[in-house]
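A.B. asks: Protein chains in written order, with my numbering: chain A, 7 to 393; chain B, 86 to 252; chain C, 200 to 358.
Here it is: the structure, laid out below.
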Amino acid sequence: MGMRKVAVVGAGMTRFVRRALETPKELAYEAAKMALDSCELTLKDVDGVVVGSAVDAFDGFHMKGEYLSDGAGGWRKPFIRHSVGGATGVFSCIHGWMHVASGLFDVCLVVAEEKMSSCQPHPQGAFLTVYDSILERPLGLNLTWIVPQEMNLYMSYYGYSSEDVARVAVKNKRNALGHPAAMMGEELSVQDVVNSEVISWPLHRLDISGVADGATAIVLASEGVAKRITNKPAWIAGAGYNLDTWYWTSRDLVYPVYVEKAARMAYEMAGIREPQKEIHVAEPYDPFTFKELQNLEALLLADRGKAAQLLADGVFDRNGRMPVTPSGGLLGVGNPISAAALMKVAEIFWQLRGEAGKRQVPGSPKIGLAQAWGDMMQAGTVVILKN
Amino acid sequence: MEKSVQLKGTAIRESDIKEGKVLSIEWVPKAQYAWDTGVAIGHFLEELKGGKIIGMKCPRCRRIAVPPRMFCELCYEPNWEWVYLQDWGVVRSFCISYLRWDASRMKEPFIPSVIELEGASEGMGFFHLIGEIDPQEMKAGLKVKAVWKDVKDRVGAITDIQYFKPA
Amino acid sequence: MPLLERISRNTQLKAWEGEFPVQYLYTFGVAGERFFREIKENAKIWGVRCPQCQITVVPPSLYCERCFERLEEWVEVGHQGEIHTYTICYREMDGFPKDSPTILALIKISGVEGGLVHRVGEVDLKDIKIGMKVEAVFKPKAQRKGSILDILYFRPAQK
Chain A
7 MGMRKVAVVG
17 AGMTRFVRRA
27 LETPKELAYE
37 AAKMALDSCE
47 LTLKDVDGVV
57 VGSAVDAFDG
67 FHMKGEYLSD
77 GAGGWRKPFI
87 RHSVGGATGV
97 FSCIHGWMHV
107 ASGLFDVCLV
117 VAEEKMSSCQ
127 PHPQGAFLTV
137 YDSILERPLG
147 LNLTWIVPQE
157 MNLYMSYYGY
167 SSEDVARVAV
177 KNKRNALGHP
187 AAMMGEELSV
197 QDVVNSEVIS
207 WPLHRLDISG
217 VADGATAIVL
227 ASEGVAKRIT
237 NKPAWIAGAG
247 YNLDTWYWTS
257 RDLVYPVYVE
267 KAARMAYEMA
277 GIREPQKEIH
287 VAEPYDPFTF
297 KELQNLEALL
307 LADRGKAAQL
317 LADGVFDRNG
327 RMPVTPSGGL
337 LGVGNPISAA
347 ALMKVAEIFW
357 QLRGEAGKRQ
367 VPGSPKIGLA
377 QAWGDMMQAG
387 TVVILKN
Chain B
86 MEKSVQLKGT
96 AIRESDIKEG
106 KVLSIEWVPK
116 AQYAWDTGVA
126 IGHFLEELKG
136 GKIIGMKCPR
146 CRRIAVPPRM
156 FCELCYEPNW
166 EWVYLQDWGV
176 VRSFCISYLR
186 WDASRMKEPF
196 IPSVIELEGA
206 SEGMGFFHLI
216 GEIDPQEMKA
226 GLKVKAVWKD
236 VKDRVGAITD
246 IQYFKPA
Chain C
200 MPLLERISRN
210 TQLKAWEGEF
220 PVQYLYTFGV
230 AGERFFREIK
240 ENAKIWGVRC
250 PQCQITVVPP
260 SLYCERCFER
270 LEEWVEVGHQ
280 GEIHTYTICY
290 REMDGFPKDS
300 PTILALIKIS
310 GVEGGLVHRV
320 GEVDLKDIKI
330 GMKVEAVFKP
340 KAQRKGSILD
350 ILYFRPAQK
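So this is what it looks like as structure tokens:
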């Protein structure tokens, strides 16, 4: 295709906390500095900067990218910020990849940041600005009125019970106990999740990931440069992204076809024909428990209607046949939107290099996949890394 | 990225701010909007005032969409054929919510729903609330009908329909 | 046919009104917390020095945006400065006329890269000029909250 090979060569992140003292700039700086230090690069080595941040309304800074720019190393550099809602963090990797694969940059710093705590009375209020101002907001529409409808349809269609989906929270919160940034790692039982407060049936409180402040950063480099920087580059083998209709009421809420389309775009680029066999470790997006299962099926990593059984059988455990969300995910580490999704990419990076510590999946994984979902719940973004 | 790595990021609590241990500043934005409804929704709202629901038909793919739109986003063709729909239909999805937009809890739940209105194309959904039903009785496939406000109280808004109730 | 031509009765075009319902509670960050504490408690303005780039920055930042090093060398920069540029404001933010015009200036603090945006007071409009030497005037301690408004304004430097 005429595109250059690109690798992830460094990564860094802050802790994810419910409310950070740090400003958005300082969060971006801490993640970016750690990422640069991890591969012994300085700002001088960086050709361009890409920033992902999902929702301006969280901290009331319009032109959020420009605000973050100095903390993200963007002073007097080619700089661009993007947003695709919840899908942002994985798209951040793709956006950075475009800059390097095209030949424009040799080294690109990618920073994803979100500070949600400044928004009062609750960051969920900022989502109000996503919905139709004339036909939906006057009825009081909010995120917990849409996602549980999708959850309800999905679970009814495949006959999944609350216990089936609760197992995702149990697995991910347990995995998160091994993550230094985690906000919500804990040992829970399926009953704990099912007995937690009903927020918006069928959604229980422990089915939901926590809003947070945090930032993640990765460093991308072109082939020749990557090999000089590290002997363990994680090559970006596939990238895919897709957007479905904004009219969520006429979308198939059971099957996110836009996730499948994004996955196929990435699989084709990576030369992957049998994802269930060829993907060794996966980080699908898990802001809500059922979402991990639904995404796995749309990513073609589980047959439709079968993900819950595979989870119950232990296939997705860290020592299972295909570990899923070994990081602990959004449910376990926390959900500062853009930073959380890029954290999943960083996790695949660390897993492929054998640097995931307590979270390391056995068997020297060679190919990993990270996926995110967002916007008006219509965007799918997928990245595949190979070592 | 071992568990033992010390990452940056300083957690603070709301009480730290309230007690002045951490300095802060409040900002209340004064952002008000007057959104042009557009040709399609402007007409839709007028029809709601008259107690009717109107959709739009695409000349190419024949899809009847509600809410109506001036172009079909699938075909990318201009649309101009208005079609009246029924004010009853079938529940496609629903949830039972105790949470408001600001994450505060409600005692009595709302029942947000996507309804397939009679006259619209299959798969075309319409968002509204379900009322006059015990939440335990809710199920997909329930036939529901709009409960309108009195004609004197209708202003041309989505709330001219109060909710849909079991038909 | 372009879409706009299809409007036949413009009286039917409506607008739907609404507002942005959220508010914000900002903390100042690691560097900002210390900067505003010093203003609140001691009426002192501090900056931070980057040894690599040889510049002092106000307001102080956790890091140098030019070389990306962590900055730890805090320095007191004093209250003196000069007017780098200014404007005279006749209207409020909502467009209504002010009771009396106010002067907003970019004050370059002596020895510092960058400066502070603030008001200028105790001066006639006709006397204000670029390069004028100014000094900060603080609120009394009991009224200071840890805010940029703890500085009332800058006034012509007293000899």
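Just so it is clear, CB atoms sit at the ideal spot from N, CA and C, and this is done for glycine as well.
By the DSSP assignment, the beta strand (DSSP E) with Ile254/C in it spans what residues?
C.D. replies: Mapped onto the third sequence, residue 254/C falls at position 55. Residues Ile254 to Val256.
A.B. asks: Does chain B have any CB closer than 8 Å to the CB of Ala156/C?
C.D. replies: Coverage of chain C is limited to positions 200 through 358, which leaves residue 156/C absent and any answer about it impossible.
A.B. asks: Under 8 Å, do Lys177/A and Phe322/A count as touching if we go by C-beta distance?
C.D. replies: Along the first sequence, read from residue 1 onward, the residue named residue 177/A stands at position 171. Along the first sequence, read from residue 1 onward, the residue named residue 322/A stands at position 316. Cβ distance < 8 Å, so Lys177/A and Phe322/A count as in contact.
A.B. asks: Whose Cβ in chain A lies nearer than 7 Å to the Cβ of Gln392/C?
C.D. replies: Look at the range of chain C in this structure, 200 to 358, and you will see that residue 392/C is not part of it.
A.B. asks: Would Leu324/C be called buried (16 or more neighbouring beta carbons within 10 Å of its own) or exposed?
C.D. replies: Residue 324/C sits at position 125 when you count from the first residue of the third sequence. Flag for Leu324/C reads exposed.
A.B. asks: Taking just the CA atoms, how far does Gly386/A sit from Ile100/A?
C.D. replies: Within the first sequence, residue 100/A is the residue found at index 94, counting from 1. Within the first sequence, residue 386/A is the residue found at index 380, counting from 1. Those two C-alpha atoms are separated by around 12 Å.
A.B. asks: Scan the region 110 to 123 of chain B for residues whose Cβ lies nearer than 7 Å to a Cβ of chain C and list them as they occur along the chain.
C.D. replies: If the cut-off is 7 Å between Cβ atoms, the region 110 to 123 of chain B has Ile110, Glu111, Trp112, Val113, Pro114, Ala116, Gln117, Tyr118, Ala119, Trp120, Asp121 and Thr122 near chain C.
A.B. asks: Report back the beta-carbon spacing between Leu108/B and Ile246/B to the nearest angstrom; my notes put them in contact at under 8 Å.
C.D. replies: To locate residue 108/B, count along the second sequence from 1; it is residue 23. To locate residue 246/B, count along the second sequence from 1; it is residue 161. The pair is not a contact, with the Cβ atoms about 48 Å apart (cut-off 8 Å).
A.B. asks: Within 10 angstroms of its Cβ, does Val113/B collect 16 or more other Cβ (buried), or is it exposed?
C.D. replies: In the second sequence, counting from the first residue as 1, residue 113/B sits at position 28. Result: exposed.
A.B. asks: By the 10 Å Cβ neighbour count, where 16 or more other Cβ atoms means buried, how is Cys259/B classified, buried or exposed?
C.D. replies: No answer is possible for residue 259/B: the residues shown for chain B start at 86 and end at 252.
A.B. asks: Helix, strand or coil: how does DSSP classify Gln254/B here?
C.D. replies: In the structure as shown, chain B starts at 86 and stops at 252, and residue 254/B therefore has no counterpart that could be examined.
A.B. asks: Three-state secondary structure (DSSP) at Lys237/B?
C.D. replies: For the purposes of this step, residue 237/B is identified with residue 152 of the second sequence, where counting begins at 1. In the structure shown, Lys237/B sits in a helix (DSSP, three-state: H, G or I).
A.B. asks: Should Met189/A and Gly340/A be called a contact, given that it needs their Cβ atoms to be closer than 8 Å?
C.D. replies: Stepping through the first sequence from its first residue, residue 189/A is reached at position 183. Stepping through the first sequence from its first residue, residue 340/A is reached at position 334. Against a cut-off of 8 Å, the Cβ pair of Gly340/A and Met189/A comes out as a contact.
A.B. asks: Given this structure, state the Cα-to-Cα distance separating Pro201/C from Trp252/A, to the nearest angstrom.
C.D. replies: Locating residue 201/C in the third sequence gives position 2, where the first residue counts as 1. Locating residue 252/A in the first sequence gives position 246, where the first residue counts as 1. Unreliable positioning characterises Pro201/C in this predicted model, as indicated by a pLDDT of 49, which lies under 50. The coordinate reading is nonetheless provided below. Answer to the nearest angstrom: the Cα atoms are 23 Å apart.
A.B. asks: Determine, using beta carbons only, whether Ile347/C comes closer than 8 Å to chain A.
C.D. replies: Taking the third sequence and counting its residues from 1, one reaches residue 347/C at position 148. No, Ile347/C lies away from the interface with chain A (no Cβ there is under 8 Å from its Cβ).
A.B. asks: Helix, strand or coil: how does DSSP classify Lys233/A here?
C.D. replies: Sequence index remark: in the first sequence, residue 233/A carries index 227 (1-based). Three-state result, Lys233/A: helix.
A.B. asks: Could you name the residues of the same chain whose beta carbon sits closer than 6 Å to that of Ser124/A, not counting the 5 residues immediately before and after it, in chain order?
C.D. replies: Position 118 of the first sequence, counted from the first residue, corresponds to residue 124/A. Only Asp65 meet the Cβ criterion.
A.B. asks: Pull up the DSSP beta-bridge partners for Gln126/A, would you.
C.D. replies: Reading the first sequence from its first residue, position 120 is the one you call residue 126/A. Beta-bridge pairing links Gln126/A to Gln222/C.
A.B. asks: Measuring CB to CB, does Leu374/A end up less than 8 Å from Gln357/A?
C.D. replies: One-based indexing of the first sequence puts residue 374/A at position 368. One-based indexing of the first sequence puts residue 357/A at position 351. A small correction: the amino acid at residue 374/A is Gly; Leu does not occupy that position in the sequence shown. Against a cut-off of 8 Å, the Cβ pair of Gln357/A and Gly374/A comes out as a contact.
A.B. asks: Could you check what DSSP says for Met200/C in three-state terms: helix, strand or coil?
C.D. replies: Here residue 200/C is taken as the residue at index 1 of the third sequence, counted from 1. Residue placement at Met200/C is poorly supported in this model, since its pLDDT is 45, which falls under 50; the coordinates still yield a value, given next. Looking at Met200/C - three-state DSSP - the assignment turns out to be coil, as it is neither helix nor strand.
A.B. asks: Can you name, in chain order, every residue of its own chain whose Cβ lies under 7 Å from the Cβ of Gly102/A, other than the five neighbours on each side?
C.D. replies: One-based indexing of the first sequence puts residue 102/A at position 96. Val56, Cys114, Val116 and Leu226, listed in sequence order.
A.B. asks: Go through its chain and collect everything with a Cβ distance to Arg236/C's Cβ below 7 Å, but skip five positions before and after it.
C.D. replies: The sequence position of residue 236/C within the third sequence is 37, counting from 1. For Arg236/C, where only same-chain residues beyond five positions count, the Cβ hits under 7 Å are Gly345.
A.B. asks: Can you tell me where the beta strand (DSSP E) with Glu192/A in it begins and where it stops?
C.D. replies: What you label residue 192/A is simply residue 186 of the first sequence in a count that begins at 1. Unbroken run through Glu192/A: none, as it is neither H nor E.
A.B. asks: With a cut-off of 8 Å, do at least 3 Cβ pairs link the region 273 to 283 of chain C to the region 334 to 342 of chain C?
C.D. replies: These segments touch.
A.B. asks: Using only the alpha-carbon positions, how far apart do Glu216/C and Ile343/A sit?
C.D. replies: As a first step, residue 216/C is located in the third sequence; it is residue number 17 there, counting from the start. As a first step, residue 343/A is located in the first sequence; it is residue number 337 there, counting from the start. In a straight line, the C-alpha of Glu216/C is about 29 Å away from that of Ile343/A.
A.B. asks: Measure how close the beta-carbons of Gly314/C and His283/C come, nearest whole angstrom, since I'm counting them as under 8 Å.
C.D. replies: For the purposes of this step, residue 314/C is taken as the residue at position 115 of the third sequence. For the purposes of this step, residue 283/C is taken as the residue at position 84 of the third sequence. Sure, about 6 Å apart at Cβ, within 8 Å.
A.B. asks: Pick out whichever of Tyr35/A, Lys83/A, Gly91/A and His68/A has its Cα sitting closest to the Cα of Gly58/A.
C.D. replies: Sequence index remark: in the first sequence, residue 58/A carries index 52 (1-based). Nearest option by C-alpha distance: Gly91/A.
A.B. asks: With DSSP as the reference, please indicate the residues paired to Ser256/A in a beta bridge.
C.D. replies: Position 250 of the first sequence holds residue 256/A. In the DSSP output, where bridge partners are listed per residue, Ser256/A has none listed.
A.B. asks: Can you tell me whether His68/A is buried or exposed, with buried defined as 16 or more other CB within 10 angstroms of its CB?
C.D. replies: Counted from its first residue, the first sequence places residue 68/A at position 62. Exposed, since its Cβ has fewer than 16 Cβ neighbours within 10 Å.
A.B. asks: What does DSSP give as the partner residues of Pro286/B in its beta bridges?
C.D. replies: This structure leaves residue 286/B out entirely; chain B is present only between 86 and 252.
A.B. asks: Check for me: the alpha helix (DSSP H) holding Glu72/A runs from which residue to which?
C.D. replies: If you number the first sequence from 1, residue 72/A lands on position 66. Unbroken alpha helix (DSSP H) run through Glu72/A: Lys70 to Leu74.
A.B. asks: Report, in whole angstroms, the separation of the C-beta atoms of Ala218/A and Arg24/A, which I expect to be a contact under 8 Å.
C.D. replies: Working through the first sequence from its first residue, we reach residue 218/A at position 212. Working through the first sequence from its first residue, we reach residue 24/A at position 18. Sure, about 6 Å apart at Cβ, within 8 Å.
A.B. asks: Using beta carbons (cut-off 8 Å, strictly below), is Arg145/B in contact with chain A?
C.D. replies: Working through the second sequence from its first residue, we reach residue 145/B at position 60. Output row for Arg145/B: interface = no.
A.B. asks: Only counting the same chain, and skipping five residues up and downstream in sequence, which positions put a Cβ closer than 7 Å to that of Cys160/B?
C.D. replies: Position 75 of the second sequence, counted from the start, is the residue given in the question as residue 160/B. Excluding sequence neighbours, Cys160/B sits near Cys143, Arg145 and Cys146.
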